[in-house]
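To start, the structure itself, in structure tokens.
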Amino acid sequence: MADLIFIIPLAPLIGFIINGLIGKKLGENIVGFIGCFSIFISFIISILALWKVASTGEAINFSAGLGSWISSGGVEVSIGFKIDQLSAVMINIVSGIGFLIHVYSIGYMKGDEGVYKFFAYLNLFCFAMLILVMGDNILLLFLGWEGVGLCSYLLIGFWYKREDYADAGKKAFIVNRVGDFGFLLGIFLIIIYMGTLDFAGMQGWIDKHPSEVKNLVGSGVITIITLLLFVGATGKSAQIPLYTWLPDAMAGPTPVSALIHAATMVTAGVYMIGRLHFLFSLSDTTMFIILIVGAATALYSGTIGITQKDIKKVLAYSTVSQLGYMFMAMAVGAFSVGIFHLMTHAFFKALLFLSAGSVIIATHHEQDMDKMGGLSKRLPITYRAMFIGCLALSGVVPFISGFLSKDLILEKVFFGSLPAGKLFWIVGVMAAIFTAFYSFRLMGMTFWGKTKMSHEDYHHVKEPHKAMTGVLIVLAVLSLFGGLIGIPEILGGANNFHHFLTGKNKVFTEMVGETHHGALPYILMIISTSLGILFAFMAARLYSKDSSLPDKFSEKGVGKLLYTLSYNKYYVDEIYDIIFVRTIVNGSRILWKYIDVYIIDGAVNGIAYLFKRVGNLGRNLQTGNVNSYALSFIIGTIGVISFLIYYLIKSS
Amino acid sequence: MNFFTLESSIILGLILFAIGAYGVISRRNLLVVMMSLEIMFNAVNLILMAFTYFNFYEKGDQLGHYLVLLIITVAAAEAAVGLAILVTIFRNKKKIDTDDLSEMKG
Chain A
161 MADLIFIIPL APLIGFIING LIGKKLGENI VGFIGCFSIF ISFIISILAL
211 WKVASTGEAI NFSAGLGSWI SSGGVEVSIG FKIDQLSAVM INIVSGIGFL
261 IHVYSIGYMK GDEGVYKFFA YLNLFCFAML ILVMGDNILL LFLGWEGVGL
311 CSYLLIGFWY KREDYADAGK KAFIVNRVGD FGFLLGIFLI IIYMGTLDFA
361 GMQGWIDKHP SEVKNLVGSG VITIITLLLF VGATGKSAQI PLYTWLPDAM
411 AGPTPVSALI HAATMVTAGV YMIGRLHFLF SLSDTTMFII LIVGAATALY
461 SGTIGITQKD IKKVLAYSTV SQLGYMFMAM AVGAFSVGIF HLMTHAFFKA
511 LLFLSAGSVI IATHHEQDMD KMGGLSKRLP ITYRAMFIGC LALSGVVPFI
561 SGFLSKDLIL EKVFFGSLPA GKLFWIVGVM AAIFTAFYSF RLMGMTFWGK
611 TKMSHEDYHH VKEPHKAMTG VLIVLAVLSL FGGLIGIPEI LGGANNFHHF
661 LTGKNKVFTE MVGETHHGAL PYILMIISTS LGILFAFMAA RLYSKDSSLP
711 DKFSEKGVGK LLYTLSYNKY YVDEIYDIIF VRTIVNGSRI LWKYIDVYII
761 DGAVNGIAYL FKRVGNLGRN LQTGNVNSYA LSFIIGTIGV ISFLIYYLIK
811 SS
Chain B
23 MNFFTLESSI ILGLILFAIG AYGVISRRNL LVVMMSLEIM FNAVNLILMA
73 FTYFNFYEKG DQLGHYLVLL IITVAAAEAA VGLAILVTIF RNKKKIDTDD
123 LSEMKG
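Quick note, the sequences are listed as chains A and B, same order.
What the first sequence shows, in my numbering, is residues 161 to 812, in sequence order.
What the second sequence shows, in my numbering, is residues 23 to 128, in sequence order.
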């Protein structure tokens, strides 16, 4: 088994190479087949690996033959894969959801001239993400980390002929680079202080050097390292302040959005914190900052989500918000719960995006929800899939995946060891309310009520390709029942997921213990769920029954102010534009116009000018006349001889 | 009065050398320039001979003579090459004035 796991990242890489090199000649069907089949192989082996890890409780190590990668001074980095419980879960999410999205793409991208490129990029994306979650050292993680950044750029700007799409790709890449910079600094600090990049080595170092660790914690070095790493996570996982790329990433084809939001990329930050939890849990300050950022992001993006008109934008902001939840869970030390939410979120967010993609295809690339409505009759399968997705996302129906994981997070935050847990619980519940509201607003505007499309268009709407609806059904089942493996004890389950991650091999050492506080958890659960249900119903009524209430609210006074703020995303993009982009552009212009033109170019041209003038002086000597040469020769000789004579006389 | 002394030989040599040098610098005709060069050569040879004769000849040391013979031989070869160049220049340009031969002007 251990020697098979290298196939997991290798298969999509081979798919990428084949499709990338000769895909153009192969034709759409074969390209699609290669793309899906390669990731399917990964998925099969991932399942085997998961089964192996689950049955033996031991991590699978693989480093045979790959040897040392970097050897510099005391730092030794090898290329090695390690699949423990956490990685096993992640590779199954990545390859499983990734496979479904690949299959869906066959239908979605039908007829596009760049299909082969698309599948090549998708495969590369999965490859990078698999490297990220399988690597046994932080440098390999970083390799995958950069890889998904590159692929996100390629795929978001896939339809690069439209300039705003290409810009969105660039934005994603550049914003991610900002985060990566912090991440890289964190890695450097780890090398300096610990001298190893191995996850196991780092953990071993911490266990072996308690006094030095105590010093590092005391002097704040650990806090700085973890904060820098967290900066990287805010970039990749779209948290305040680096979240702005994610909503713009909607420019890419919808399967890409699904892939970025559900299976890959944005989960990288959460995974990284889970992977380095032993480091993060040393610094309370960092954990508290993560909690604040997570909670703020969850609430903040929820408030933006309720006013967006673009169906994909709503989902994008909901992703940002759900990632905030995951970070909250990580911050209070409930790592397995965060990963659990990551998994359920992968199911239902993939489902939601792919359903949205199906709606977009069916309505001929219409994304504005104001121009939809009443689609439930025309798109029954998509409608049901989307409905299940929204139920899971909003977490209002008990035992559906989103409910379980979200509620666990809220509970852990409430009972967590960090200060003001109860306050953050309230923030979390408010975010949950917003989530329920915009989920059902989306349902109402898209599927319920009277249609706002023209009669003819409406009757042209029909369910898309079978590959797409089939995937929706699979994902709907996963969203409905996927959470059942993690039912907590207080709801009568065994919480298998938690025990899987914290059990035998001790992937995680949780900072929050089991919570047995009598009736309190139930009361909290009932409060958050009933509030969620209330707002879900409200949204459903408001937006399906052609009510004018939301419009009236947003027309004047405070309502208008709030609506404008939220609809324009609090003008954060514009503020960033002024603070960062303009400053850099203007600063660069000054550097160009003055520093570069006058000083740099001036120096270069000045030196050339100087030589020209000196040369002009010198050329006067070159008369070309033999007589004058002879004259100067004689004068020179006389000069030298006179000097020698003078010298001889003087010295004798 | 005996003119055949070391001093008078050296003075004669210096005068010849100065004449030659003046010719090299001032004359435009390349042939005359070369002739002046020969004069300078022979001035040097004369001085060398004078030194050898007055200082070493009686001691049986004739190295200076050999050296002068060597210089004359090399000078003859050099003059042959120089004249050959001169002839070639004249064939190509139909003139041997140094003022007209200024391709090397910078």
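Even glycine gets a Cβ: it sits at the ideal position worked out from N, Cα and C.
Residue of the options minimising C-alpha distance to residue i
{"i": "residue 626(A)", "options": "270(A), 720(A), 461(A), 697(A)", "result": "270(A)"}
{"i": "residue 681(A)", "options": "273(A), 761(A), 576(A)", "result": "576(A)"}
{"i": "residue 66(B)", "options": "116(B), 27(B), 36(B), 127(B)", "result": "36(B)"}
{"i": "residue 516(A)", "options": "724(A), 755(A), 418(A)", "result": "418(A)"}
{"i": "residue 570(A)", "options": "639(A), 543(A), 484(A), 547(A)", "result": "484(A)"}
{"i": "residue 618(A)", "options": "532(A), 634(A), 686(A)", "result": "532(A)"}
{"i": "residue 585(A)", "options": "541(A), 452(A), 470(A)", "result": "452(A)"}
{"i": "residue 127(B)", "options": "799(A), 794(A), 787(A)", "result": "787(A)"}
{"i": "residue 119(B)", "options": "49(B), 61(B), 98(B), 85(B)", "result": "49(B)"}
{"i": "residue 529(A)", "options": "606(A), 480(A), 504(A), 461(A)", "result": "606(A)"}
{"i": "residue 229(A)", "options": "468(A), 300(A), 527(A)", "result": "300(A)"}
{"i": "residue 255(A)", "options": "306(A), 310(A), 273(A), 195(A)", "result": "195(A)"}
{"i": "residue 219(A)", "options": "206(A), 789(A), 205(A), 242(A)", "result": "242(A)"}
{"i": "residue 324(A)", "options": "683(A), 794(A), 412(A)", "result": "412(A)"}
Backbone secondary structure at residue i - three-state DSSP
{"i": "residue 231(A)", "result": "strand"}
{"i": "residue 104(B)", "result": "helix"}
{"i": "residue 242(A)", "result": "strand"}
{"i": "residue 380(A)", "result": "coil"}
{"i": "residue 848(A)", "result": "There is simply no residue 848(A) to check, as chain A begins at 161 and stops at 812 in what is shown."}
{"i": "residue 765(A)", "result": "helix"}
{"i": "residue 444(A)", "result": "helix"}
{"i": "residue 526(A)", "result": "coil"}
{"i": "residue 426(A)", "result": "coil"}
{"i": "residue 465(A)", "result": "helix"}
{"i": "residue 119(B)", "result": "strand"}
{"i": "residue 358(A)", "result": "strand"}
{"i": "residue 51(B)", "result": "strand"}
{"i": "residue 24(B)", "result": "coil"}
{"i": "residue 237(A)", "result": "strand"}
{"i": "residue 780(A)", "result": "coil"}
{"i": "residue 297(A)", "result": "strand"}
{"i": "residue 372(A)", "result": "helix"}
{"i": "residue 714(A)", "result": "coil"}
{"i": "residue 187(A)", "result": "coil"}
{"i": "residue 217(A)", "result": "coil"}
{"i": "residue 535(A)", "result": "coil"}
{"i": "residue 748(A)", "result": "helix"}
{"i": "residue 611(A)", "result": "coil"}
{"i": "residue 756(A)", "result": "helix"}
{"i": "residue 415(A)", "result": "helix"}
Terminal residues of the beta strand (DSSP E) in which residue i lies
{"i": "residue 221(A)", "result": "220–222"}
Start and end residues, alpha helix (DSSP H) containing residue i
{"i": "residue 615(A)", "result": "615–620"}
{"i": "residue 482(A)", "result": "471–491"}
{"i": "residue 719(A)", "result": "717–727"}
{"i": "residue 291(A)", "result": "275–294"}
{"i": "residue 698(A)", "result": "680–704"}
{"i": "residue 734(A)", "result": "732–736"}
{"i": "residue 572(A)", "result": "561–575"}
{"i": "residue 405(A)", "result": "405–408"}
{"i": "residue 659(A)", "result": "656–662"}
{"i": "residue 543(A)", "result": "540–554"}
{"i": "residue 165(A)", "result": "Per DSSP, residue 165(A) belongs to no alpha helix (DSSP H) and is neither H nor E."}
Interface partners of residue i on chain C, CB under 8 Å
{"i": "residue 786(A)", "result": "The displayed structure is made up of protein chains A and B, and chain C is not among them."}
Exercise for the section: Compile a chain-ordered list of the residues in the region 746–759 of chain A whose CB is closer than 7 Å to at least one CB of chain B. Expected result: From the region 746–759 of chain A, no residue has a Cβ closer than 7 Å to chain B.
Practice task
Determine which residues of the region 757–779 of chain A have a Cβ less than 9 Å from any Cβ of chain B, and write them out in chain order.
Solution key: The residues in question are 775, 778, 779.
Exercise for the section: Report yes or no: do the region 499–516 of chain A and the region 577–590 of chain A share at least 3 C-beta pairs separated by less than 8 Å? Expected result: Here the region 499–516 of chain A makes no contact with the region 577–590 of chain A; the two share fewer than three CB pairs at distances below 8 Å.
Practice task
Could you run through the region 32–47 of chain B and flag, in chain order, every residue whose CB is less than 9 Å away from some CB of chain A?
Solution key: Taking 9 Å as the upper bound on Cβ-Cβ separation, chain A lies near residues 43, 46, 47 of the region 32–47 of chain B.
Handout entry: Near-chain B residues of the region 173–200 of chain A - C-beta to any C-beta below 7 Å
Key = Contacts with chain B (Cβ-Cβ distance below 7 Å) from the region 173–200 of chain A involve no residue at all.
Exercise for the section: Would you list, in chain order, the members of the region 326–338 of chain A that have their beta-carbon closer than 9 Å to a beta-carbon of chain B? Expected result: Cβ proximity to chain B below 9 Å picks out nothing from the region 326–338 of chain A.
Exercise for the section: Spell out a yes or no on whether the region 363–371 of chain A and the region 310–327 of chain A are touching, meaning 3 or more CB-CB pairs, one atom from each, closer than 8 Å. Expected result: The answer is no - the region 310–327 of chain A does not touch the region 363–371 of chain A, with fewer than three Cβ pairs under 8 Å.
Practice task
Take every Cβ of the region 385–402 of chain A, pair it with every Cβ of the region 332–352 of chain A, and state whether three or more of those distances are shorter than 8 Å.
Solution key: Touching, yes, given that three or more Cβ pairs across the two stretches are closer than 8 Å.
Practice task
Say whether the region 516–526 of chain A touches the region 540–547 of chain A, bearing in mind that this needs 3 or more beta-carbon pairs closer than 8 Å, one atom from each stretch.
Solution key: Result yes; three or more Cβ-Cβ pairs closer than 8 Å.
Practice task
Mind checking the region 791–802 of chain A against chain B and listing, in chain order, the residues whose C-beta falls within less than 8 Å of any C-beta there?
Solution key: Per Cβ criterion, the list reads 791, 794.
Exercise for the section: Would you be able to state if there are at least three C-beta pairs under 8 Å between the region 457–464 of chain A and the region 689–702 of chain A? Expected result: Per the Cβ contact rule, the region 689–702 of chain A is not in contact with the region 457–464 of chain A (fewer than 3 Cβ pairs under 8 Å).
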